[in-house]
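Okay, structure first, notes after.
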Amino acid sequence: MIKTLFDTGALDSGTGFISALLIGMAFGFVLQRAGFGSSRRLAGVFYFKDMTVIKVMFTAVITAMLGLALCQRFGWIALDSVYLLPTVYGAQLVGGLIFGVGFVMSGWCPGTAAAGLAQGKIDALIFLGGAVLGSILFNELYALVKPLSQLGASGVLFVYDSLGMTQGAFLVGFTVVGILCFALCEYVERRQVGLAPMPNPMLKAVSLCLVVLAVTLLMTASSETPATGVSSLDESRMLQAVDEAQDHMEPEALADRLMAQDRSLLLVDVRPVGEYNQGHIRGAVHIPMADLHATLLPTKNAGTIVLYSNGMTHPAQARDSLARAGFSNVFILTDGLAGFQQRCLKPVSLRREPLSAAQTAAVNQWRVFFGRAQKTKTATPAAIETLTLPSAIIGTSWLADHLETPNLVVIDLRKQSEYSTSHIPGSLALGVENLRTHVLGLGSMLSPVDLLARQVSFMGIDPEDLVVLVPGEAVRDTTLAGLALERIGHTAYAILNGGFAQWVADERPVNADMPDVTLSQYPVRAEADQFTVTAATVLEAVRLSSVVIIDARPAKYYQGIKSDEARAGHIPGAVNRPYTEDVQTIDKVTTLKSVEDLARLYARLIPAKATHVIVYCRTGHQASQTVFVLKYLLAYTHVQWYDGGWSEWASKQALPIKSPAAAKP
Amino acid sequence: MNETENSKERLMNPYAAGVCLGLVLLGSFLVLGAGLGASAGLARVGACLELCVFRSHTLASEYFGKWGQTPMQYYLVYMFVGVFFGALISVLLYSRFHVTLERGRSVSAKHRTILALVGGVIVGFASRLASGCTSGQALTGTAQLMTGSVVFLVCVFAGGYAMAFFVRRQWHD
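Protein chains in written order, with my numbering: chain R, 1 to 665; chain Z, 666 to 838.
Pasting the structure below:
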């Protein structure tokens, strides 16, 4: 079985570039030899004067089509190893029509124009300039045409499936129709130009070969053995799996796997993004239907992918389409989101059917773990009116109003001496450095989840509590504490805007009393942390130009002018956005800048809200502030945190770095 | 058009050329794991140009933005460069390099230039909309038996034949 560069992910590497260059050269050579370096000849097909385009193109298509099918049949290549073009009906229909208009106006298409340019055709050069402009125009109008470019997105669809034929029958049919077309072309040319047709023993020879090949493929298809692995067989296997509901995952199984830190599981929400934002199953990522194939390619046949929507129709369609593209690891959630809520999250007290003690315990655990999604999504009858945090940043007036609420915990991140002198009544002291430790030799890493759960228990915090974090001068202390809470699965926290300084400036009450704390038992939920990434993940991201890596350190560290580490510089491809740029201090009160300012600044660095972003600094402290800004103030949906940061990266000599300062003499 | 006559004699038989082209495409499937493509290379050039002039705007744009800061680091850019040089080799071996603006004698150079430019803009735009051109969609996708690519192929000819009448004069001698 051949391993293609697409398989190994090496298309955009040196090997890929050289291979593409050589294949391009062969392509260009043949185009020129076929006479496609002439716009008059290319346009001739539309006036029935010169049918070369149809002859060459259809012979090529049939040759490659039969060749590919043959290679599959011999087991030389699996279709998984080839990037298959997904079908987007609207885009391809409209795109094709206007492409045809442009084609006949100019007499060129991109590939042939490159060949024309090599022959010295000025109109080819003008055409190519126009095509570059047209691409830019598309980018500029993307907001307008995006709906059309995704209209009728159906994933990988085989035309023989769409027509309800077998692959073999389609190949024979297409070959025969193609050859009839050739005969017609010869006839038309003779009539139009008044020339005798080219003496064409070649046509006869080629036609004969292609027909024999196609028929051979058809014959072998009917007598194939299971070992050859043909797509029609995959199809029947898929249908069998569907029949036996092997492609389903039950909500209970999903809930358990999500709670059990199963990192091989990828839960995908395919509903419209608005619905996802209103609430989703915890741990789910959002991928639009149109992007499923491309986005999931890296996880093809690795781990388990579970698709869900409100019902089951859309995920089932998407699953079938992915299965045809060779994905064997895609499941759909039985009964969709509604089923998940009914079967996993419905309170035991509201259920008609009796549950065993074990089932009751499981439901209660699920309700705690998945509670947030339920809260935001549907107000179940059992939902009690409880206090929720209005936003990720709260003002002093909100805190003053709710200070007496029993499940509100206020944590003061200032120095112990400052806290001891004066603090918000009832608030607890926490030094942010206590949340960090050495992990496997790396210093200043956020503590492991069990240590953090223990620490939070010492502060008497329970999973249903709301936590307000109060900064001193360093907002990043509270954002790092926030990440510590998120690591144990506690997302109900907010930061007091302006911190203690603002509280005092607003003349809110303070005291110096030590509050009473009852020890709690915060459960250890190791699976909650989906945002911390390792050096390996970052290295992978460096290779993908689609991931935005943000270096939150001051510019001099980024440039490698200053360094406290083994090496100076930054991770290749990272952009610098110092954390200090996101805060401002006015009258000794330090706050994050306005959301409008931040949104504008980050829009320049990150192309879309769903873009995968990784933030790092030296030890993870400064970067935590950027992560908070991106996730909670600016609603970027895929933000990750490289805790090891530059201190780990610089110390591992094998990792690539970029050092602008060192490059200068 | 002496040149056309000359080169016509030296051209490959179209069916033989088609088989060669099909084998190149098959080779691309087997080695790259992807088909041929030309318009993507042009789009990357577009992204690169826009990046040079309006850097932050381009990075923030939804379509070009996802290609990041180095849009040219893409295999189809190299393939496009290859097409040019491959054709150049063929020109040097079998034909001759001759700077011309190909048009019918009855139209002005300006007329032909405008049609080539406008056609180019339309083709560039349409290729992005359909995620490919005659190489990437029509040739590659049809050989892969992809439904959408067959739709694209049919529509290219439909659009072409519908428009052909209105621009026929440019080839009148």
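Heads up, the beta-carbon is just placed ideally off N, CA and C, and yes, glycines get one too.
Is residue j closer than 8 Å to residue i when the C-beta atoms are compared?
i, j, result
"residue 34/R", "residue 703/Z", "no"
"residue 412/R", "residue 427/R", "yes"
"residue 648/R", "residue 535/R", "yes"
"residue 552/R", "residue 615/R", "yes"
"residue 527/R", "residue 261/R", "yes"
"residue 95/R", "residue 795/Z", "yes"
"residue 739/Z", "residue 709/Z", "yes"
"residue 29/R", "residue 751/Z", "yes"
"residue 337/R", "residue 281/R", "yes"
"residue 106/R", "residue 781/Z", "yes"
"residue 522/R", "residue 474/R", "no"
"residue 318/R", "residue 333/R", "no"
"residue 496/R", "residue 399/R", "yes"
"residue 5/R", "residue 700/Z", "no"
"residue 656/R", "residue 542/R", "yes"
Between residue i and chain R, is the shortest Cβ-Cβ distance under 8 Å, so that the two count as touching?
i, result
"residue 775/Z", "no"
"residue 824/Z", "yes"
"residue 677/Z", "yes"
"residue 837/Z", "no"
"residue 798/Z", "yes"
"residue 750/Z", "yes"
"residue 717/Z", "no"
"residue 771/Z", "no"
Taking only the alpha-carbon atoms, compute the straight-line gap between residue i and residue j and give it to the nearest angstrom.
i, j, result
"residue 383/R", "residue 460/R", "For residue 383/R, the pLDDT reaches just 32, beneath the cut-off of 50, and the residue's location in the model is therefore unreliable, although a value from the coordinates is still provided. Cα-Cα distance, rounded: 24 Å."
"residue 483/R", "residue 368/R", "19 Å"
"residue 365/R", "residue 821/Z", "58 Å"
"residue 18/R", "residue 737/Z", "14 Å"
"residue 128/R", "residue 774/Z", "17 Å"
"residue 430/R", "residue 442/R", "22 Å"
"residue 538/R", "residue 728/Z", "23 Å"
"residue 182/R", "residue 53/R", "11 Å"
"residue 202/R", "residue 111/R", "25 Å"
"residue 66/R", "residue 59/R", "11 Å"
"residue 27/R", "residue 36/R", "11 Å"
"residue 832/Z", "residue 168/R", "41 Å"
"residue 556/R", "residue 571/R", "14 Å"
"residue 812/Z", "residue 325/R", "13 Å"
"residue 103/R", "residue 825/Z", "7 Å"
"residue 562/R", "residue 641/R", "23 Å"
"residue 213/R", "residue 220/R", "11 Å"
"residue 32/R", "residue 712/Z", "28 Å"
"residue 187/R", "residue 80/R", "41 Å"
"residue 25/R", "residue 593/R", "53 Å"
"residue 670/Z", "residue 208/R", "Model confidence at residue 670/Z stands at a pLDDT of 43, short of 50, so the residue's coordinates are unreliable; what they give is reported in the following sentence. Their backbone Cα atoms lie some 30 Å apart in a straight line."
"residue 583/R", "residue 591/R", "6 Å"
"residue 277/R", "residue 619/R", "31 Å"
Bridge partners of residue i, per DSSP?
i, result
"residue 366/R", "Per DSSP, none; premise fails for residue 366/R."
"residue 551/R", "576/R, 616/R"
"residue 511/R", "423/R"
"residue 267/R", "306/R"
"residue 586/R", "589/R"
"residue 641/R", "532/R, 615/R"
Round the Cβ separation of residue i and residue j to the nearest angstrom and send it over; I've been treating them as touching at under 8 Å.
i, j, result
"residue 136/R", "residue 791/Z", "Rounded, the Cβ-Cβ distance is 14 Å, inconsistent with contact."
"residue 215/R", "residue 159/R", "Not really, about 19 Å apart at Cβ, beyond 8 Å."
"residue 627/R", "residue 491/R", "Not really, about 13 Å apart at Cβ, beyond 8 Å."
"residue 494/R", "residue 391/R", "7 Å"
"residue 668/R", "residue 91/R", "Chain R is shown only over 1 to 665; residue 668/R falls outside these bounds and no answer can be derived."
"residue 61/R", "residue 808/Z", "5 Å"
"residue 63/R", "residue 801/Z", "About 18 Å separates the two Cβ atoms, so there is no contact after all."
"residue 694/Z", "residue 82/R", "5 Å"
"residue 293/R", "residue 322/R", "7 Å"
"residue 143/R", "residue 290/R", "No, residue 143/R and residue 290/R are not in contact; Cβ-Cβ is about 16 Å, not under 8 Å."
Should residue i be flagged as near chain Z, meaning a C-beta pair shorter than 8 Å?
i, result
"residue 229/R", "Note that residue 229/R has pLDDT 37, beneath the 50 cutoff, so the model's placement of it is unreliable and the number below is only indicative. Chain Z, which has no Cβ nearer than 8 Å to the Cβ of residue 229/R, makes this no."
"residue 289/R", "no"
"residue 150/R", "no"
"residue 582/R", "no"
"residue 597/R", "no"
"residue 187/R", "no"
Inset, instruction - Residues of the segment 81-99 of chain R with a CB closer than 8 Å to any CB of chain A: list them in chain order, please. - result: Looking at the structure shown, chain A is missing, and the protein chains on hand are R and Z.
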